[in-house]
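Only one structure is covered here, and it is reproduced in the block below.
Number of protein chains: 2
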Amino acid sequence: MSSGETDVVIVGAGLAGLSAALKLKEQNRSFIVLEARHRSGGRIHTIKTEEQIAIDLGAQWVSPYHKRVKQLVTKYGLRLTPTYRTGNTIYDFNGVIEKKTGSWPLSLIEALDALKLKMRMNILSKQLSKDCPWKTELAQELDKKTVEQFIIEHGSTNKAKQLFQLLLEEVLCSKLYEVSTLDLLWCIAAAGSIDRLLTAEDYWIEEGAGTLTKRIADSLEGQIQFNQQVQSIEYDADGVFVHTYNQNWRAKKVVLAVPPNLVTRIQFSPPLLADRAQLNERAGMPSVIKLIFTYGKPFWREQGYNGTVYSNQGPVKLTLDSSPTDMSKGVLTTFITGEFARKLGRLSVESRINQIKNQLRRYFGQLVMSPCQVFEKDWSDDEWTRGGYGIHFPIGVISQLGPSLRNPIGPIHWAGTELASEWRMYMEGAIQSGERAAMDVVELLK
Amino acid sequence: MSSGETDVVIVGAGLAGLSAALKLKEQNRSFIVLEARHRSGGRIHTIKTEEQIAIDLGAQWVSPYHKRVKQLVTKYGLRLTPTYRTGNTIYDFNGVIEKKTGSWPLSLIEALDALKLKMRMNILSKQLSKDCPWKTELAQELDKKTVEQFIIEHGSTNKAKQLFQLLLEEVLCSKLYEVSTLDLLWCIAAAGSIDRLLTAEDYWIEEGAGTLTKRIADSLEGQIQFNQQVQSIEYDADGVFVHTYNQNWRAKKVVLAVPPNLVTRIQFSPPLLADRAQLNERAGMPSVIKLIFTYGKPFWREQGYNGTVYSNQGPVKLTLDSSPTDMSKGVLTTFITGEFARKLGRLSVESRINQIKNQLRRYFGQLVMSPCQVFEKDWSDDEWTRGGYGIHFPIGVISQLGPSLRNPIGPIHWAGTELASEWRMYMEGAIQSGERAAMDVVELLK
Chain A
1 MSSGETDVVI VGAGLAGLSA ALKLKEQNRS FIVLEARHRS GGRIHTIKTE EQIAIDLGAQ
61 WVSPYHKRVK QLVTKYGLRL TPTYRTGNTI YDFNGVIEKK TGSWPLSLIE ALDALKLKMR
121 MNILSKQLSK DCPWKTELAQ ELDKKTVEQF IIEHGSTNKA KQLFQLLLEE VLCSKLYEVS
181 TLDLLWCIAA AGSIDRLLTA EDYWIEEGAG TLTKRIADSL EGQIQFNQQV QSIEYDADGV
241 FVHTYNQNWR AKKVVLAVPP NLVTRIQFSP PLLADRAQLN ERAGMPSVIK LIFTYGKPFW
301 REQGYNGTVY SNQGPVKLTL DSSPTDMSKG VLTTFITGEF ARKLGRLSVE SRINQIKNQL
361 RRYFGQLVMS PCQVFEKDWS DDEWTRGGYG IHFPIGVISQ LGPSLRNPIG PIHWAGTELA
421 SEWRMYMEGA IQSGERAAMD VVELLK
Chain B
1 MSSGETDVVI VGAGLAGLSA ALKLKEQNRS FIVLEARHRS GGRIHTIKTE EQIAIDLGAQ
61 WVSPYHKRVK QLVTKYGLRL TPTYRTGNTI YDFNGVIEKK TGSWPLSLIE ALDALKLKMR
121 MNILSKQLSK DCPWKTELAQ ELDKKTVEQF IIEHGSTNKA KQLFQLLLEE VLCSKLYEVS
181 TLDLLWCIAA AGSIDRLLTA EDYWIEEGAG TLTKRIADSL EGQIQFNQQV QSIEYDADGV
241 FVHTYNQNWR AKKVVLAVPP NLVTRIQFSP PLLADRAQLN ERAGMPSVIK LIFTYGKPFW
301 REQGYNGTVY SNQGPVKLTL DSSPTDMSKG VLTTFITGEF ARKLGRLSVE SRINQIKNQL
361 RRYFGQLVMS PCQVFEKDWS DDEWTRGGYG IHFPIGVISQ LGPSLRNPIG PIHWAGTELA
421 SEWRMYMEGA IQSGERAAMD VVELLK
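Here you go:
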């Protein structure tokens, strides 16, 4: 049993916790990061192929508007690569496969309908505070409606509605009836617009997002303790004791940089306020499996495809090309989300991979059947996240319990992309939330 | 640190865990019950007034159809008292207060509409398996719909819809948009009919429901360990190790008789299957506060009232007379549920009680303002339940993850009223679930 004393204990070495740590370091505050896993990164996890090509099993994509991510990428000497977009995108709608460049396969009427839906979302999201979206009557009304109801109500053509269903199911990793419209509109408000939210896959980090978190973690050498699951937190107005199986930390403040669904595992004394406890107990992560195939080269490019596939047939809803810029390998990244992820998660690895390959064959032909390597990660199966990309709430939760997502309880402060006000649910949001929590703490410690 | 070995570890000394224990005892199996609280009973909790009158802070009501509860009541030498129904019931709908005996204040058209709604619910519930309500296409359709949508769709008159809103909000302790129709219909199937579900407050245990659980617990002397929060469970095909702060138990099987929202607090090795973990993380308890006023006598009876009030104005939605049969005191029990419970839970005790008293004054006059004693319990504020009466799921959860509510995982079996197939969410369901889990375990140990 080892003990220590510090200004701030940060729980969780995901990007939110690491960002909080960087900020505290900059402000010359002492801190320790306690991480349950043996690695940093949380929902970011990069592994390497034999050829040292980065494979992102978790968070990967960066938008041009992710200024904090871009700053960190530069600071830690990494490179952003634009997602390969030359050539045809494949659209698999209702069993009809279309191959085309540019915009969606929609008629003029359908395109106008989609535009109308987007405008409606943008207008409503602008009426919300991205800091406190639970305020105002409007928020309560929006929180009573599922995203599915919203789309049915505001869309006119089947194709436009199906398009939004596909895109939003991919963003939310959930069936649209599982998520409150307020939750979605908060994400839109935090991204700036629905277009920004739906085109956040413009760049990725060539060395892998996990290389970024690894380098941040390395720069904090000695200030991260791995394999330290926090068991209990005792607190009062003066400070906290944080206990793991074999460490006890005394601190003035604690930043809990873990998603609400994992906060339930910590025993608090005194117990958490009812609102926060109830919020935690309603915060299930959606399901997502990422399955990545590598090939000798990105052969689909030669066939005139950019590797992007949108499908509302499943199980794969989205495929993207993540081949390294030198094209030394071809890398196809596929996403299985929501109900499909649950169903496939119950199968053997082999039958899961076979189902996916069979779907991809319909788009790219026989070559797809013989990958060099296959990597996969079922995030629901990982006890330290239990899903991804981030928590979206069922109806009624944010308007009733939302304030407790960020309100400190005594010396306990909260971080994590779920509560970000800029790019909530993205790496950018994780950084913003971590930096904000750290600055709040620094202010109070003065 | 003390250690032991036994056939079965039961986690939780609520009515489900105690019933499992009774069954194991009857079958001559060795077992131990580990309870986090210093008392048995879980969501059942009886305290006594100075005059030794039982005040039920938690589960209280018994229906004539609760055969298991009635058997236990007889076995442990207790008495069932019929709820006082002589005189006028008070109906406070939309600010209009009506005082009448017998049926609801509805016009013929409205009454027929209510009947139609009830029939629709009964017919649909009969098409569900009460053991496996997640099976069949029908279940998936019903699970996509909130109870609010169902009422709007199937009701015609405002008054009938408002009536169901009031009654079901009281049963579910939630806004109707927070609960899946499948969840409600499962409760109806498990109760036998909507009428049985809505009239389950016919009797109560004069000595208090907690006296029953206390007597069961006493009969298990030495086989319940209190103040033992289970920290972790290691398991494989051969058995389990169950660890608390200061005890280690080796067993062949474990029965987890705690609600799913609390299972998240236990560390499992290997981690739970994804489906069960995700179910736990979506299983928030609704909010309920029970506030009980005692008076020198049940003065409302002299005024011609039976003490029952239904109100859709809130904060109190239902009031019942729980005075002892000898009328040595008057006891008015009030229920504050859902959103109102959350709002009132944030106030001081004093302002909470004042709000309630002011509402009651509108029905019973000035006498209500001077109770002898006031007892209250905010169940959301209790870290070992975090709400009540029981967990109702948002849309999509039961159809996708329902099977994991009861499927054993290795040597881990589940109990608790949430997964009962008879009188789910009632004391009767807790007993049924506990007995079933015990019998499953006994069968496997043969």
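Line order of the protein sequences matches chains A and B.
The first sequence begins at 1 in UniProt numbering and counts up by one.
The second sequence begins at 1 in UniProt numbering and counts up by one.
Even for Gly, the Cβ is constructed at its ideal location relative to N, Cα and C.
Think of a sphere of 8 angstroms around the beta carbon of Asp202 (chain A): no beta carbon from chain B falls inside it, the nearest being about 31 angstroms out.
DSSP lists no bridge partner for Phe364 (chain A). With respect to the C-alpha of Gly58 (chain A), the residue from A:Ile205, A:Ser328, A:Gln229, A:Ala415 having the closest C-alpha is A:Ile205. Linking Asn358 (chain A) to Lys290 (chain A) through their CA atoms gives a straight-line distance of about 16 angstroms. Closest in C-alpha terms to Trp414 (chain B), from the list B:Gln313, B:Val254, B:Val69, B:Arg362, comes B:Val254. The Cβ of Thr264 (chain A) sits closer than 8 angstroms to at least one Cβ of chain B.
Under DSSP, Val288 (chain B) takes part in a beta bridge, and its partners are B:Thr337. No Cβ of chain B is located within less than 8 angstroms of the beta carbon of Ala114 (chain A).
Contact of Met327 (chain A) with chain B is not assigned, every C-beta pair being separated by 8 angstroms or more. Under the three-state reduction of DSSP output, Trp384 (chain A) falls in the coil class, being neither helix nor strand. If you check each beta-carbon in the region 50-76 of chain A against every beta-carbon of chain B, none falls closer than 8 angstroms.
About 12 angstroms separates the beta carbon of Leu18 (chain A) from that of Gly416 (chain A), a gap too long to meet the 8 angstroms contact definition. Per DSSP, reduced to three states, the secondary structure at Ala13 (chain B) is coil, with no helix or strand assignment.
Taking a Cβ-Cβ cut-off of 7 angstroms, the neighbours of Asn261 (chain A) in chain B comprise Glu281, given in sequence order. Residue contact check for Asp131 (chain A) against chain B: no CB pair falls below 8 angstroms. One thing to note: Leu176 (chain B) has its Cβ within 8 angstroms of the Cβ of Thr146 (chain B). Counting only Cβ-Cβ distances below 7 angstroms, Met369 (chain A) has no contacts in chain B at all, with the closest Cβ about 28 angstroms away.
For Gly345 (chain A), the chain B residues whose C-beta falls within less than 7 angstroms of its own C-beta are Ala274, listed in chain order. Interface residue (Cβ-Cβ distance to chain A less than 8 angstroms): Asp183 (chain B) is not classified as such.
With fewer than three CB-CB distances shorter than 8 angstroms, the region 201-216 of chain A does not count as touching the region 29-38 of chain A. Secondary structure remark: continuous alpha helix (DSSP H) runs of at least 4 residues inside the region 136-171 of chain B, in chain order: 137-143, 147-154. With respect to chain A, the C-beta atom of Pro394 (chain B) has a partner C-beta closer than 8 angstroms. Of the candidates A:Glu137, A:Met427, A:Ile266, A:Glu137 places its Cα closest to the Cα of Gly396 (chain A). Our two residues, His38 (chain A) and Arg265 (chain A), have alpha carbons roughly 18 angstroms apart in a direct line.
Taking a beta-carbon distance threshold of 8 angstroms, Glu206 (chain A) does not count as an interface residue toward chain B. Counting C-beta pairs closer than 8 angstroms gives fewer than three between the region 89-101 of chain A and the region 224-244 of chain A, which falls short of the contact rule. DSSP lists A:Lys48 as the beta-bridge partner residues of Ala54 (chain A). Pairwise C-beta distances place the region 419-429 of chain A in contact with the region 185-198 of chain A, as three or more of them are shorter than 8 angstroms. Distance between Gln71 (chain A) and Asp131 (chain A), taken at the CA atoms: about 23 angstroms. The region 377-395 of chain B and the region 280-288 of chain B touch, with three or more beta-carbon pairs separated by less than 8 angstroms. With respect to chain A, the C-beta atom of Ser380 (chain B) has a partner C-beta closer than 8 angstroms.
Within the region 67-96 of chain A, the complete beta strand (DSSP E) segments at least 3 residues long are 80-82, 88-93, listed from N- to C-terminus. The beta-bridge partner set that DSSP reports for Ser311 (chain B) consists of B:Asp92.
When C-alpha distances from Trp186 (chain A) are compared across A:Ile216, A:Met121, A:Gln165, the shortest belongs to A:Met121. Scanning B:Arg43, B:Gln27, B:Asp7 for the CA closest to the CA of Gly14 (chain B) turns up B:Arg43.
Following the DSSP letters along the chain, one finds Val242 (chain A) inside the beta strand (DSSP E) bounded by residues 239-244.
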